[in-house]
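Working notes, beginning with the structure itself.
Number of protein chains: 2
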Amino acid sequence: MKNLKLNNRQAKAIETKAKIYDSADQLFRTYGFDHVSVDSIVEKAGVSKGSFYVHFDSKNSLISALATDFVARLDLDYKSFLESFPPNAMASEILLSIVGKIVDVLTLTIGYNSMKIIYEALITRTINTDPIVGYDRELYKMFNEIIKKGIDQQEFQTEMTIDTITKHCIMAIRGITYEWCIRYPDFDLKSEVLIHFKILLNGLKKQ
Amino acid sequence: MKNLKLNNRQAKAIETKAKIYDSADQLFRTYGFDHVSVDSIVEKAGVSKGSFYVHFDSKNSLISALATDFVARLDLDYKSFLESFPPNAMASEILLSIVGKIVDVLTLTIGYNSMKIIYEALITRTINTDPIVGYDRELYKMFNEIIKKGIDQQEFQTEMTIDTITKHCIMAIRGITYEWCIRYPDFDLKSEVLIHFKILLNGLKKQ
DNA sequence: CAAGTATAATGACCATAGTCAGTGACTTAA
DNA sequence: TTAAGTCACTGACTATGGTCATTATACTTG
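Top to bottom, those sequences are chains A and B.
Whatever position you read off the first sequence (first residue = 1), add 133 for our numbering.
Whatever position you read off the second sequence (first residue = 1), add 133 for our numbering.
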């Protein structure tokens, strides 16, 4: 267990990190990632460049931190969305709805530029990927519940484990989102995801 | 139609471009894209940095050229593999075989490091991705043929167009390969791809 | 052949991400 | 209180992708 009491020095450090984080957030929202330099971030924050690299491994690491925090908040959103379904709803319908919801968030709320940077950071491994791809992520638990429901209701086949199906569903979303990132703007993420899930759900059906 | 006769100056220019291309190819294979600078390429090629930018718009443009040539060679290999199947073979079996073949090439011949570099380049660099992801790529034509055969033989449903199914199959391979790149080494590409295609093929079957 | 033109090639230069040895304010232990 | 030690912080510096005014030289034309 870490010591929760902070001394002045540690408090100052957290404050410095927050100044950098907030300045970057504002600048990125105004000018976009590509048009904001590390120099301009530290100037706005009123700290030195070296200080930036004390608190963040890289510019991308900061961007990923911003986006990851945002995405983590969204899992809560997905969860409340999921809880709004009646208990007798069909699993395949819930699945399609939540997938549609997720895709809407990716395209409309987060947006292409941020998604591209996250997916880039995931593959270059310049960040801790666990909050996004780790099987502990709340998103996996939610999908797990839905799939379990589908099997219990005899909608889905039982040839594969719940975990396997869950992983493949989320992997499919991620894969199509990657495709979106490399084909943008000539690719409609939502319709392609829905088509893909139509095939997948058909393949998962009992019989 | 361009003039096919080259004068000395044009011949020298082509030679210079080739020197840059070959030097880059060797260096990239040895050290990877990220660890080879433009300076080191032009030094090895024995030309100036400015000369590099006469022949290539950017470092990424050069990478793109290399990737284009590489992919073209791969597709030839896949094609000859495809032609080895008897005419009466089932489409789903051919599909599974070629998918297995592709995955073997990705994992064994190309390898994780190079694949990561390519997938990273696709999403990060502003390279011309067309030779790899463009629907004109030979790979799409090959898949198209197989899917068409499956529909003609009444194996597959006709709810979606051949093109749609083709695109979603290749997108699935690419998506799972992306997942492999971000989870390596805790992910068995071949078995996951085969599981995913089992679901997909089941979902594509007639009835 | 001489003068003019086109273009391949040059390398000094710029912008920006990232580094690191050094500084001094703060913490800790006597 | 004070000396020793820690660590957030600094900013000059490096590395590298890319630019551009200039130069060298092959080609063209009169």
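Even for Gly, the Cβ is constructed at its ideal location relative to N, Cα and C.
Here the structure is a predicted model, which means the values were calculated and not measured.
Report the neighbours of residue i on chain B: residues whose CB is nearer than 8 Å to its CB, in chain order.
{"i": "Asn261/A", "result": "The premise fails here: Asn261/A is roughly 12 Å from chain B at the closest Cβ pair, so nothing lies under 8 Å."}
Between the options, which lies nearest to residue i when the distance is taken from Cα to Cα?
{"i": "Ile295/B", "options": "Ile306/B, Arg307/B, Tyr273/B and Gly308/B", "result": "Tyr273/B"}
{"i": "Gln287/A", "options": "Tyr245/A, Ser191/A and Lys339/A", "result": "Lys339/A"}
{"i": "Phe166/B", "options": "Leu199/B, Asn141/B, Met304/B and Cys302/B", "result": "Leu199/B"}
{"i": "Ile298/A", "options": "Glu312/A, Gly244/A, Tyr311/A and Lys282/A", "result": "Lys282/A"}
{"i": "Glu226/A", "options": "Lys300/A, Cys314/A and Phe276/A", "result": "Phe276/A"}
{"i": "Ile221/B", "options": "His188/B, Lys249/B, Asn261/B and Asp285/B", "result": "With the sequence shown as reference, residue 221/B is identified as Asn, and Ile is not the correct amino acid for it. With distances taken between Cα atoms, Asn221/B lies closest to Asp285/B."}
{"i": "Leu195/B", "options": "Leu215/B, Phe161/B and Leu139/B", "result": "Phe161/B"}
{"i": "Gly267/A", "options": "Asn335/B, Ser230/B and Ile315/B", "result": "Ile315/B"}
{"i": "Thr201/B", "options": "Tyr154/B, Lys177/B and Thr240/B", "result": "Tyr154/B"}
{"i": "Gly308/A", "options": "Lys145/A, Val326/A and Ala254/A", "result": "Val326/A"}
{"i": "Tyr245/B", "options": "Pro264/B, Ala224/B, Ser184/B and Pro318/B", "result": "Pro318/B"}
{"i": "Val187/A", "options": "Lys212/A, Glu148/A and Asp208/A", "result": "Glu148/A"}
{"i": "Asn193/B", "options": "Asn261/B, Asn140/B and Met304/B", "result": "Asn261/B"}
{"i": "Asp210/B", "options": "Thr163/B, Ile231/B and Ser197/B", "result": "Ile231/B"}
{"i": "Glu312/B", "options": "Phe289/A, Asn335/A and Leu255/A", "result": "Leu255/A"}
Name the chain A residues that come within less than 7 Å of residue i, Cβ to Cβ?
{"i": "Thr257/B", "result": "Glu253"}
{"i": "Thr297/B", "result": "Ile328"}
{"i": "Glu312/B", "result": "Met304, Arg307 and Gly308"}
Tell me the DSSP bridge mates of residue i?
{"i": "Phe289/B", "result": "Lys338/B"}
Give the interface partners of residue i over in chain B, defined as CB-CB distance under 7 Å, in chain order.
{"i": "Arg316/A", "result": "Val266"}
{"i": "Ile332/A", "result": "His301, Leu333, Gly336 and Leu337"}
{"i": "Glu271/A", "result": "Per Cβ cutoff of 7 Å: no residues; Glu271/A is ~19 Å from chain B at best."}
Give the residues of chain A in contact with residue i, contact being defined as C-beta atoms less than 8 Å apart.
{"i": "Lys249/B", "result": "Ile256"}
* **Members of the segment 299–310 of chain B near chain A, C-beta cut-off 7 Å** => His301, Met304, Ala305, Arg307, Gly308 and Ile309
* Continuous alpha helix (DSSP H) assignments of at least 4 residues falling wholly in the segment 134–167 of chain A -> 141–164
* To do: Please list the segments of the alpha helix (DSSP H) lying wholly inside the segment 205–273 of chain B, counting only runs of 4 or more residues, in order along the chain.
  => 224–237, 245–257 and 263–266
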